[in-house]
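Quick note: the sequence shown uses the numbering used here, first residue 6, plus one each step.
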Amino acid sequence: MSTESLYPFLHTGAADRDVLLRDVARSTAEKVAEIGRLRAQVVEADGDRIAACASAMAARFARGGRLLVFGNGGSSTDAAAMAALCVGGGAGARRLPAFALASDVATLTALANDVGFENVFARPVAAAGRPDDIAMGLSTSGGSANVLRGLAAAHERGLLTVGLAGYAGGAMAEAAARGEIDHLFVMPSSSVHRIQEAQTTTYHVLWELVQRALGPA
């Protein structure tokens, strides 16, 4: 998607600064309203399931489980943010063991070079995953092959599996229908920007609900 389609007012050649600022303000307001509507859709469709997922995650953490979280590109950044949220938290929050698999660059690049990029998450999950652990995979399209293989490896080993996808869920929705993903949350949008914003909200809510379920540190 070009910047012109996203921000047409930057390509009009208008010299009037006030007109430009009004267009920027309008565009910003439209995007804020758009993500607000998407978040409301997710809450309406999945609010109860998000709460159930958080309860299941809390039970795993209470038994000594860990979170293994992964994704590609911007989703990798979100995975790292979720891991940091669990480990760092805020004042009074429980510190939860979590690992963003793509942050281990040496392992990721070795597997990508020697085994294939589609296995960069499945291999670490297979090597280190324990039945009480949680695997969370993020994909805006729902079709990332390496995320799907990582979740499949986790499912085979008895980990709790959680997926965040966009659009209509893609291959992740098919995997969930087969029972290979225990909890899948789809952000029903065709905008990668809005999908990732809604996914960020979703994993923050999951973390907050896990904290409530586990109680004070």
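All C-beta atoms in this analysis are idealised placements derived from N, C-alpha and C, irrespective of residue type, glycine included.
- In the same chain as alanine 127, and ignoring 5 residues on each side of it, the C-beta atoms closer than 8 angstroms to its own belong to Asn151, Arg154, Gly155, Ala157 and Ala158, in chain order.
- Judged by pairs of C-beta atoms under 8 angstroms, the segment 34-46 touches the segment 193-209, as three or more such pairs exist.
- Membership of phenylalanine 66 in the alpha helix (DSSP H) is indicated by the continuous run 22-67.
- Non-local beta-carbon contacts of valine 92 in its own chain, meaning distances under 8 angstroms to residues more than five positions away in sequence, involve Arg100, Leu101, Pro102 and Ala103 in chain order.
- Residue range 139-143 is occupied by the beta strand (DSSP E) that includes isoleucine 139.
- Per the C-alpha coordinates, the member of Asn118, Phe66 and Ala105 positioned closest to glycine 79 is Ala105.
- In terms of Cβ geometry, histidine 209 and cysteine 58 do not form a close pair [threshold 7 angstroms].
- The C-beta of aspartate 21 has fewer than 16 other C-beta atoms within 10 Å across all chains shown, which makes the residue exposed.
- DSSP places leucine 189 in the uninterrupted beta strand (DSSP E) bounded by 188-192.
- DSSP links glycine 168 through a beta bridge to Gly142 and Leu189.
- Contact between the segment 132-140 and the segment 53-68 is established, with three or more Cβ pairs separated by less than 8 angstroms.
- The beta carbons of glycine 171 and methionine 192 sit closer together than 7 angstroms.
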